[in-house]
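Novice: Read left to right, the sequence shown gives residues 37 to 430 (this note's numbering). C-beta atoms are modelled at their ideal positions from N, C-alpha and C, and glycine is treated no differently.
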Amino acid sequence: MQYRLNKKGEKISSLGFGCMRLPKDDEALCKKLLYSAAENGVNYFDTAYLYGGNEELLSKIIDKELRDKINIASKLPHHLCKSGKDFDKIFYTTLKRLKTDRIDYYLIHSLNDVNVWQRLTRYGIKDWVAEKKQSGEIKNIGFSYHGATGDFKKLIDDFDWDFCQIQYNYLDENNQAGITGLDYACEKGVPVIIMEPLRGGKLTNDLPDSAKEILKTENKNASDIGLRWVWNHKGVMTVLSGMRNENDLKLNLASAEKGLPDSFSDEDFLTVEKLKKEINKYSVVPCTGCGYCLPCPYGVAIPTCFSDRNAYERNKNKRKLFKIDSAITHYVQSTGLLGKGAGNAGKCRGCGACEKKCPQHIEIRKALKETAGVMEPWYIKVASKVAQTVNSRK
37 MQYRLNKKGE
47 KISSLGFGCM
57 RLPKDDEALC
67 KKLLYSAAEN
77 GVNYFDTAYL
87 YGGNEELLSK
97 IIDKELRDKI
107 NIASKLPHHL
117 CKSGKDFDKI
127 FYTTLKRLKT
137 DRIDYYLIHS
147 LNDVNVWQRL
157 TRYGIKDWVA
167 EKKQSGEIKN
177 IGFSYHGATG
187 DFKKLIDDFD
197 WDFCQIQYNY
207 LDENNQAGIT
217 GLDYACEKGV
227 PVIIMEPLRG
237 GKLTNDLPDS
247 AKEILKTENK
257 NASDIGLRWV
267 WNHKGVMTVL
277 SGMRNENDLK
287 LNLASAEKGL
297 PDSFSDEDFL
307 TVEKLKKEIN
317 KYSVVPCTGC
327 GYCLPCPYGV
337 AIPTCFSDRN
347 AYERNKNKRK
357 LFKIDSAITH
367 YVQSTGLLGK
377 GAGNAGKCRG
387 CGACEKKCPQ
397 HIEIRKALKE
407 TAGVMEPWYI
417 KVASKVAQTV
427 NSRK
């Protein structure tokens with residue numbers, strides 16, 4: 037395992053374990069993955085207050101011996117803080133869930149707006165952080181970010197952060213904080229943790245066939261080249277990967293050994309440019325599937341709708357005449373379109389609650405309307421009405 041240094045000069049594994057997407061229904065597999073990762077040198081594990089049941093899951097898996105060898109990161113959801121008293125309420129709930137006496141890396145979750153930071157400052161967040169660091173209950177303080185570059189710089193400058201966390205991958209080099217923000221944090225001496233290095237799997241499992249063919253021809257692996265592209269930047273402290281099975285872990289551990297700063301070859305860069313060109317032909321909605329937009333007041337399964345829409349666009353050239361597209365079939369099934377509690381795009385009522393929470397700043401209402409137009413053709417609507425009528429009589 038390669039290691040990079042935090043602000044205090046402590047070693048942090050270049051590969052971090054993003055626990056949000058752990059298979060919660062298989063606790064034995066989760067334990068095997070976490071312990072195997074730790075045995076192979078991974079010492080940074082990321083969770084959050086808002087990852088339903090995730091903190092509790094980790095507490096069941098991580099015993100005291102392992103706890104003392106690793107760093108656990110969790111996050112404070114600022115939108116739940118209505119006064120300074122809520123800092124303690126949320127923080128100690130996290131400690132209780134994790135069954136620990138400290139958080140090694142504590143982040144203000146999705147701090148995307150300077151105005152939000154100013155509100156937290158009025159509540160006394162700076163003094164609160166100082167107290168928790170003094171007591172040892174928080175070892176390092178940082179924030180995760182999904183906003184624009186301008187506010188990112190202002191946030192970096194306004195506080196003595198130990199680290200920050202941004203979304204960064206070869207498709208998002210110039211989105212959100214992007215390379216400009218990454219370089220700025222590096223210049224200011226703030227180590228950067230990377231989330232969504234593979235865009236929630238979109239740069240691996242969900243590639244168009246033309247991109248897969250490029251990788252096959254050049255004998256390269258999608259996750260390997262995506263992760264090494266991120267590790268190539270010297271300002272990156274660790275890269276979070278949501279590993280869901282043993283093969284994911286094995287591949288990422290192998291990549292981590294090669295993921296050194298300035299190690300990406302000209303040939304690798306050329307491969308990435310080819311992949312970007314092919315991917316951008318088909319991904320009409322830039323959704324990473326993080327789920328921050330949920331729950332929808334009207335029950336729309338927003339990430340699912342967009343995932344199937346993008347799959348539909350990618351498979352355009354494979355369609356057979358008079359045959360229902362497999363992406364539409366999957367869309368009908370995954371959104372429960374034929375049932376009573378459907379979560380299809382057509383259920384959107386345009387309230388806009390989702391857009392306020394979207395890290396990607398997607399115009400979700402517009403995208404859902406377009407998705408409904410594409411994924412819910414007349415024959416699907418007829419089938420839906422018939423099925424719901426039948427179901428209502430049961």
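Quick check: is any heavy atom of the ligand FMN less than 6 Å from the C-beta of Ser-301?
Specialist: Absence of the ligand FMN from the depicted structure is noted, as is the absence of any ligand whatsoever, leaving it without description.
Novice: Let me know the secondary structure DSSP gives Ser-319 once reduced to three states.
Specialist: What you label residue 319 is simply residue 283 of the sequence shown in a count that begins at 1. Of the three classes helix, strand and coil, the one that applies to Ser-319 here is coil, per DSSP.
Novice: Roughly how many angstroms separate the alpha carbons of Thr-240 and Tyr-71, rounded to a whole number?
Specialist: The residue labelled residue 240 in the question sits at position 204 within the sequence shown. The residue labelled residue 71 in the question sits at position 35 within the sequence shown. When rounded, the distance between both Cα atoms is 24 Å.
Novice: From this set, Ile-229, Gly-214, Gln-212, His-366, which residue's C-alpha is nearest Trp-197's C-alpha?
Specialist: Here residue 197 is taken as the residue at index 161 of the sequence shown, counted from 1. Ranking Ile-229, Gly-214, Gln-212, His-366 by Cα distance to Trp-197 puts Ile-229 first.
Novice: Straight-line CA distance for Phe-358 to Leu-156?
Specialist: Looking up residue 358 in the sequence shown gives position 322. Looking up residue 156 in the sequence shown gives position 120. At Phe-358, the pLDDT of 44 sits below 50, so the modelled position is not reliable; the number obtained from the coordinates is stated separately. C-alpha separation (whole angstroms): 57 Å.
Novice: How is the alpha helix (DSSP H) around Leu-143 delimited, first residue to last?
Specialist: Taking the sequence shown and counting its residues from 1, the one referred to as residue 143 is at position 107. Note, Leu-143: premise wrong, no alpha helix (DSSP H); beta strand (DSSP E) at 139-145.
Novice: Could you spell out where the beta strand (DSSP E) holding Lys-256 opens and where it closes?
Specialist: Numbered from 1 along the sequence shown, position 220 holds the residue referred to as residue 256. Taken as a continuous stretch (DSSP letters only), Lys-256 belongs to no beta strand (DSSP E), as it is neither H nor E.
Novice: Could you name the residues of the same chain whose beta carbon sits closer than 7 Å to that of Pro-30, not counting the 5 residues immediately before and after it, in chain order?
Specialist: For the chain, the structure presents residues 37 to 430; residue 30 sits outside this window and is missing.
Novice: Sort out for me which residues DSSP pairs Ile-400 with in a bridge.
Specialist: Working through the sequence shown from its first residue, we reach residue 400 at position 364. Paired residues: none, contrary to the question.
Novice: Taking only runs that begin and end inside the region 201-236, name each unbroken beta strand (DSSP E) of 3 or more residues, in chain order.
Specialist: If we require 3 residues or more, the beta strand (DSSP E) runs fully inside the region 201-236 come out as 228-231.
Novice: Taking three-plus beta-carbon pairs below 8 Å as touching, is the region 267-276 in contact with the region 236-250?
Specialist: No, because fewer than three Cβ pairs between the region 267-276 and the region 236-250 fall closer than 8 Å, the two stretches do not touch.
Novice: Check whether the region 82-100 and the region 108-126 are in contact - that is, three or more C-beta pairs closer than 8 Å.
Specialist: Short answer: they touch.
Novice: State yes or no: is the C-beta of Ser-319 within less than 7 Å of the C-beta of Asn-346?
Specialist: Your numbering for residue 319 matches position 283 in the sequence shown. Your numbering for residue 346 matches position 310 in the sequence shown. It is a contact, given that the beta carbons lie within the stated cut-off.
Novice: Between the beta-carbon of Ala-408 and the beta-carbon of Ala-381, is there less than 7 Å?
Specialist: As a first step, residue 408 must be located in the sequence shown, where it is residue number 372. As a first step, residue 381 must be located in the sequence shown, where it is residue number 345. Taking 7 Å as the Cβ cut-off, Ala-408 and Ala-381 qualify as a contacting pair.
Novice: Between which two residues does the alpha helix (DSSP H) containing Ser-277 stretch?
Specialist: The count along the sequence shown starts at 1 and reaches residue 277 at position 241. No alpha helix (DSSP H) holds Ser-277; the beta strand (DSSP E) holding it covers 272-277.
Novice: So Thr-324 packs on Glu-232, CB below 8 Å; how close in whole Å?
Specialist: Here residue 324 refers to the residue found at position 288 of the sequence shown. Here residue 232 refers to the residue found at position 196 of the sequence shown. Yes, they are in contact, since the Cβ atoms of Thr-324 and Glu-232 sit about 6 Å apart, within 8 Å.
Novice: For Leu-289, which of Gly-45, Ala-74, Met-56, Lys-44 has the nearest alpha-carbon?
Specialist: Against the sequence shown, residue 289 aligns to sequence position 253. Checking every option, the nearest Cα to that of Leu-289 belongs to Ala-74.
Novice: Assess contact between the region 120-128 and the region 145-164, defined as three or more Cβ pairs (one per stretch) separated by less than 8 Å. Is contact present?
Specialist: The answer is yes - the region 145-164 touches the region 120-128, with three or more Cβ pairs under 8 Å.
Novice: Under a Cβ-count criterion, where at least 16 other Cβ atoms within 10 Å of its own Cβ denotes burial, should Thr-136 be classed as buried or exposed?
Specialist: In the sequence shown, residue 136 corresponds to position 100, counting from 1. That one is buried.
Novice: Is the beta carbon of Ile-139 sitting closer than 7 Å to the one on Ile-174?
Specialist: In the sequence shown, counting from the first residue as 1, residue 139 sits at position 103. In the sequence shown, counting from the first residue as 1, residue 174 sits at position 138. It is a contact, given that the beta carbons lie within the stated cut-off.
Novice: Going by DSSP, what residue range makes up the beta strand (DSSP E) through Phe-81?
Specialist: Here residue 81 corresponds to residue number 45 of the sequence shown, with the count starting at 1. Unbroken beta strand (DSSP E) run through Phe-81: 80-82.
Novice: Per DSSP, which one or two residues make a beta bridge with Lys-162?
Specialist: Working through the sequence shown from its first residue, we reach residue 162 at position 126. Per DSSP, none; premise fails for Lys-162.
Novice: Compute the Euclidean distance between the alpha carbons of Ile-108 and Thr-130, then round it to the nearest angstrom.
Specialist: The sequence position of residue 108 within the sequence shown is 72, counting from 1. The sequence position of residue 130 within the sequence shown is 94, counting from 1. Each residue's Cα considered, the two are about 11 Å apart.
Novice: What first and last residue would you give for the alpha helix (DSSP H) that runs through Ser-72?
Specialist: By 1-based counting over the sequence shown, the position of residue 72 is 36. 63-75 is the span of the alpha helix (DSSP H), which, as asked, contains Ser-72.
Novice: Please determine if the region 206-215 and the region 165-179 are in contact, where contact requires at least 3 C-beta pairs separated by less than 8 Å.
Specialist: Verdict: no, contact absent.
Novice: Can you tell me which of Gly-335, Leu-134, Leu-330, Phe-305 puts its alpha carbon nearest to the alpha carbon of His-269?
Specialist: Translated into positions along the sequence shown, residue 269 becomes position 233. Of the candidates Gly-335, Leu-134, Leu-330, Phe-305, the one whose C-alpha sits nearest the C-alpha of His-269 is Phe-305.
Novice: Could you spell out where the beta strand (DSSP E) holding Asn-107 opens and where it closes?
Specialist: Position 71 of the sequence shown, counted from the first residue, corresponds to residue 107. Where Asn-107 is concerned, the enclosing beta strand (DSSP E) stretches over 107-113.
Novice: Roughly how far, in whole angstroms, is the beta-carbon of Leu-51 from the beta-carbon of Ala-292, given that I think they are within contact range, below 8 Å?
Specialist: Residue mapping note: residue 51 aligns to position 15 of the sequence shown, counting from 1. Residue mapping note: residue 292 aligns to position 256 of the sequence shown, counting from 1. The Cβ separation is near 4 Å, so the contact holds.
Novice: According to DSSP, is Tyr-181 helix, strand or coil?
Specialist: On the sequence shown, residue 181 is found 145 positions in, with the first residue counted as 1. Tyr-181 falls in the strand class under three-state DSSP.
Novice: Just how far apart, CA to CA, sit Met-411 and Ile-364?
Specialist: By one-based count along the sequence shown, residue 411 stands at place 375. By one-based count along the sequence shown, residue 364 stands at place 328. If you take the alpha carbons of Met-411 and Ile-364, they lie about 6 Å apart.
Novice: Beta-carbon within less than 7 Å of Ile-261's beta-carbon, same chain only, minus the 5 sequence neighbours each way: which residues are those?
Specialist: Here the question's residue 261 lines up with position 225 in the sequence shown. Here the set comprises Asp-304, Thr-307, Val-308.
Novice: Going by the DSSP bridge assignment, what does Asn-283 pair with across the sheet?
Specialist: Taking the sequence shown and counting its residues from 1, the one referred to as residue 283 is at position 247. Beta-bridge pairing links Asn-283 to no other residue.
Novice: If you run the structure through DSSP and keep just helix, strand and coil, what is Tyr-128?
Specialist: Here residue 128 corresponds to residue number 92 of the sequence shown, with the count starting at 1. Helix, per DSSP.
Novice: Would you tell me roughly how many angstroms separate the C-alpha atoms of Lys-383 and Ala-258, rounded to the nearest one?
Specialist: Stepping through the sequence shown from its first residue, residue 383 is reached at position 347. Stepping through the sequence shown from its first residue, residue 258 is reached at position 222. Each residue's alpha carbon lies about 35 Å from the other.
Novice: Using only alpha-carbon positions, find the residue among Asn-148, Asp-194, Leu-263 that is nearest to Arg-397.
Specialist: The sequence position of residue 397 within the sequence shown is 361, counting from 1. The residue you asked about is not Arg; residue 397 is His in the sequence shown. Ranking the options by Cα distance to His-397, first place goes to Asn-148.
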